[in-house]
Amino acid sequence: MKNIYSDLNPEQRKAVENVNGPMMVIAGAGSGKTRVLTYRIAHLLNTGIDPFRILALTFTNKAAREMKKRILSIVGESEAMNVWMGTFHSIFARILRIESELLAFTSNFTIYDTNDSKNLIKKIIKEQELDIKIYTPSYVLNRISSAKINLISAQEYSKNSELTNADKMSGKPKVAQLYVLYQNRCKKANAMDFDDLLINTNILLRDFPEILLKYQKRFKYILIDEYQDTNYVQYMIIKKLAAREENICVVGDDAQSIYAFRGANIQNILNFKSDYPDLKIFKMEQNYRSTKNIVNAANSIISNNKDQITKKIWTENDQGGKIKLLKSSTDNEEGRLVANSIFENKMNHQLHENNFVILYRTNAQSRAFEESLRKLNIPYKIYGGLSFYSRKEIKDLLAYFRLVINHNDEEALSRVINYPARGIGNTTLEKITVAASQANISQWEILENISNYQLNISPVTRNKISNFITMLKSFAVSLKKKNAYELAKQIAMSSGIIKELYEDDSPEGLNRYDNVEELLNAIKDFSENENNEVVLVEGEKAENSIRTLDEFIQDIALLTDADKNLDKNTNHVSLMTIHAAKGLEFPFVYIVGMEENLFPSIQSVGTRTELEEERRLFYVALTRAKKQAIISYAETRYRWGNLSITEPSRFIQEIDPKYIEQPKIVSKQNKEVFYNNNYTKKTQKSQKFSQATFSKFQNKNLKKISNLNTPKNDDIFETSPSEELQSGMEVEHKRFGVGKIINIEGTGPNTKATVFFQNVGQKMLLLKFAKLKIIKR
DNA sequence: ACCGTATTCAGCGCG
DNA sequence: TGAATACGGT
9 MKNIYSDLNP
19 EQRKAVENVN
29 GPMMVIAGAG
39 SGKTRVLTYR
49 IAHLLNTGID
59 PFRILALTFT
69 NKAAREMKKR
79 ILSIVGESEA
89 MNVWMGTFHS
99 IFARILRIES
109 ELLAFTSNFT
119 IYDTNDSKNL
129 IKKIIKEQEL
139 DIKIYTPSYV
149 LNRISSAKIN
159 LISAQEYSKN
169 SELTNADKMS
179 GKPKVAQLYV
189 LYQNRCKKAN
199 AMDFDDLLIN
209 TNILLRDFPE
219 ILLKYQKRFK
229 YILIDEYQDT
239 NYVQYMIIKK
249 LAAREENICV
259 VGDDAQSIYA
269 FRGANIQNIL
279 NFKSDYPDLK
289 IFKMEQNYRS
299 TKNIVNAANS
309 IISNNKDQIT
319 KKIWTENDQG
329 GKIKLLKSST
339 DNEEGRLVAN
349 SIFENKMNHQ
359 LHENNFVILY
369 RTNAQSRAFE
379 ESLRKLNIPY
389 KIYGGLSFYS
399 RKEIKDLLAY
409 FRLVINHNDE
419 EALSRVINYP
429 ARGIGNTTLE
439 KITVAASQAN
449 ISQWEILENI
459 SNYQLNISPV
469 TRNKISNFIT
479 MLKSFAVSLK
489 KKNAYELAKQ
499 IAMSSGIIKE
509 LYEDDSPEGL
519 NRYDNVEELL
529 NAIKDFSENE
539 NNEVVLVEGE
549 KAENSIRTLD
559 EFIQDIALLT
569 DADKNLDKNT
579 NHVSLMTIHA
589 AKGLEFPFVY
599 IVGMEENLFP
609 SIQSVGTRTE
619 LEEERRLFYV
629 ALTRAKKQAI
639 ISYAETRYRW
649 GNLSITEPSR
659 FIQEIDPKYI
669 EQPKIVSKQN
679 KEVFYNNNYT
689 KKTQKSQKFS
699 QATFSKFQNK
709 NLKKISNLNT
719 PKNDDIFETS
729 PSEELQSGME
739 VEHKRFGVGK
749 IINIEGTGPN
759 TKATVFFQNV
769 GQKMLLLKFA
779 KLKIIKR
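According to the working numbering, the stretch in the first sequence is residues 9 to 785, in order.
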């Protein structure tokens, strides 16, 4: 083992060498958090602690992989492999598979992803003959999910008048009922959704003391990364697991908590001390990433937040350049300006493209930058699109696999029962579903014994069903006999999927065929490569056995971000949301769209806590920069098809002026930059052309702007009855439900209403966008 | 079963 | 604006 201690500063070293008792590491941005975590694990192993006794939990697969890799390089493979390290979901899924019978699941249970959950909810809503437009699947799923995160079961939800009243007020009184039905259907399908992996673990540890003791003894040392992102159920599980030994080490940074919107509870880290009075706190405040300017600017921003653990981040790095400010008149011009700036910096500093990142608040902003980068022939990559595993053809094939492993998997069944088309259509499936819910069993059980049921299904269809069932059973027989690849290939062929895609010679069809081939290759790799992340459980040796398809599915069920990893092999500018950039760093960082109502987002300006989260998000964005940060905003922007006049973000003013270049008179400069761009690339002839297009472009935009300012003109005032709205009225909003107007301010297109909604609290809405229906005057 | 048109909706997104 | 989905016609 290499000498790890010399790589650490005194504070890091203290944290690494503190072995026993509860501890918290507050790790500022760029302070070497991962190093402390990995070295601490190495240190534990060094002092002779059994790797099987160490549990390390992360939020993302990427973080887990990264840590594994680093520990491996310090302590060697045999040791590192036995540490229980992974995401909350993957570790708990492992435990739940072992203990599944206690919760009346079987160990081959399916994990429903968000898509499966939404599909199921959609079906239930339709079966209940509710209006899908009122009960949108994502709304219902969100309600269910946030209840689950707070450990409120379907039964408790129904009895909780606060929740059910909120649902009634927002015109959706049936949410509780949908929750009950959804849980039943998951149960019958032998399936758990992502939240179930957490709540069922909590139930397991809560209701089975001997199981709790078993895992308390097993996990003598617990480490948790990104503790500021934990939610209530995760907090409860951790608390239980750590209760016996209290060797718990949490690492995080309250200033980088940016996931409250999906249930993360920042109080978990702020109040950690009250859970463990003997807590030792280590603050890592030296930043190794950024220049003094960036660190100081970031400090000046975050000091505007009330809720925080006080700390002073500092650095020994160079002073660096001040933050630059780019101002554009339109969103498209912003794209050009940023692309030009990247081009200039790249040339001036002789840099590769992967030194640059463009960070935005919303994915919809990427377009202008794509276009401009393409025009300058700058390679780029957008992160955060559709992942491989969410493509239709991949999901279809995986659904076959899932159904082979777990016949009761309803979502998999409905995907493939008629794909490729085999004459078992919607009407038949509906009849089956009704019969299944009447008999309170899964659809498969009906299908399997269809002759026992008096259903209005023709003999021809019955025959087709029986063929389908026979086929799947034949696959299932091979599940433990054939290796994953052999079986996968057999399924792909016999099911007709390969044939179907092969015969489709459209470009998309070819692409799909390639994707399926890629999946099969991945499975081949998995089958043949013994070292492929063997899921080892203590006392359970992988005795040279073959790698089977269910093992493969278990491995990938929780892998949703396969191509989320930063691609370091090609040279390109990266484009991503700020959320996606967490944990990454780049020499040059462009933070774009710094405008009020976009960043901070309009949905967040209503409450202090939400605004503070936006501010932390800005803090995260800025602290990604190593050498230079550039902030950009536009004065007008198309949003939802409308041109709106925007104001610079309040966050720009919050930066101490010492650390940011003050804006110049920019409109003239913009033009120059614009011409330069074309000039560098084209001949003088095309320069004339670009001048012409530029003025055209200008005229076009001027026209649009003047349209917007013409008072008698039109659609702005049509969309909401803003003149009629007054404080005190009761109104309804599509997403937020019913609420009461507290205040109206502003005029014309900038009229805003502050509304207190029963179930989501206070919000400020721009009436131009928000469609409010008056319920009571 | 399939295609073109109408309609709707629009925040960030781990597992 | 534009992507995604629902619907209605062939």
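From the three backbone atoms N, C-alpha and C, an ideal C-beta is built for every residue, glycine too.
Nothing here was measured: the structure is a model prediction, and the numbers come from that model.
- Assignment of lysine 291 by DSSP, reduced to helix, strand and coil, places it in the strand class.
- Taking 8 angstroms as the cut-off, the Cβ atoms of valine 597 and glutamate 361 do not count as close.
- With distances taken between CA atoms, isoleucine 157 lies nearest to Ile207 out of Ile207, Tyr120, Ser166, Leu128.
- Around the beta carbon of threonine 654, 16 or more other beta carbons lie within 10 angstroms, which makes this residue buried.
- Straight across, the Cα-Cα distance linking lysine 354 with threonine 617 is about 39 angstroms.
- Residues of the same chain with a CB within less than 6 angstroms of the CB of alanine 629, apart from the 5 flanking positions on each side, are Leu367, Ile586, Ile599 in chain order.
- DSSP lists Phe596 as the bridge partner or partners of glutamine 636.
- Residue environment for tryptophan 92: buried (at least 16 other C-beta atoms within 10 angstroms of its C-beta).
- Contact between the segment 446-456 and the segment 495-505 is absent, with fewer than three C-beta pairs closer than 8 angstroms.
- Restricted to the segment 12-86, the alpha helix (DSSP H) segments that are unbroken, complete and at least 4 residues in length are 18-25, 41-54, 69-83, listed in chain order.
- When DSSP reads this structure, alanine 642 sits in a beta bridge with Ser336.
- Of the candidates Thr318, Lys134, Asp286, Asp286 places its Cα closest to the Cα of glycine 29.
- When beta bridges are read from the DSSP output, arginine 647 appears opposite Asn650.
- Remark: C-beta atoms of valine 148 and isoleucine 119 do not approach each other more closely than 8 angstroms.
- Scanning its chain for C-beta atoms nearer than 7 angstroms, with the 5 sequence neighbours on each side dropped, one finds around serine 298 the residues Gly38, Thr323, Asn325, Thr631, Ala633, Lys634, in chain order.
- Distances from the CA of leucine 619 to each of Ser108, Ile309, Pro217, Leu278 were compared; the closest alpha carbon is that of Ile309.
- The beta carbon of alanine 184 sits closer than 6 angstroms to those of Tyr165, Ser166, Thr172, all from its chain and outside the five residues before and after it, given in chain order.
- Annotated three-state conformation of tyrosine 368 is strand, per DSSP.
- Within 10 angstroms of the beta-carbon of arginine 410 lie 16 or more other beta-carbons, which makes it buried.
- When Glu352, Ile413, Leu212 are compared, the shortest CA-CA separation from leucine 384 is found for Glu352.
- The DSSP-derived three-state label of alanine 500 is helix.
- Rounded to whole angstroms, the gap between the alpha carbons of aspartate 203 and serine 153 is 7 angstroms.
- In this structure, the alpha-carbon of asparagine 313 lies about 19 angstroms from that of glutamate 603.
- Per DSSP, the continuous beta strand (DSSP E) segment holding tyrosine 388 begins and ends at 388-390.
- Under DSSP, threonine 118 forms a beta bridge with Ala199.
- Proline 217 carries a helical assignment under DSSP once its states are collapsed to helix, strand and coil.
- By the CB criterion at 8 angstroms, lysine 291 and glutamate 253 fall outside the cutoff.
- One alpha carbon belongs to leucine 651, the other to serine 337, and they sit about 12 angstroms apart.
- In chain order, Gln136, Leu138, Tyr143, Asp175 place their CB closer than 8 angstroms to the CB of lysine 182, counting only its own chain and leaving out the 5 sequence neighbours on each side.
- Contact between the segment 68-88 and the segment 45-53 is present: 3 or more CB-CB pairs across the two stretches fall below 8 angstroms.
- Under the three-state reduction of DSSP output, asparagine 605 falls in the strand class.
- Using a 10 angstroms sphere on the CB of aspartate 15, the tally of other CB atoms stays under 16, which defines it as exposed.
- The closest CA to that of isoleucine 331, considering only Gln636, Glu19, Gln316, is found on Gln636.
- Of the candidates Ile277, Ile752, Asn523, Met584, the residue whose Cα lies closest to the Cα of aspartate 315 is Ile277.
- Residue ranges of uninterrupted alpha helix (DSSP H) with 4 or more members, entirely inside the segment 233-299 and ordered along the chain, are 240-250, 275-278, 280-283.
- Nearest to phenylalanine 67 by alpha-carbon distance, out of Asn123, Lys141, Asp237, His357, is Asp237.
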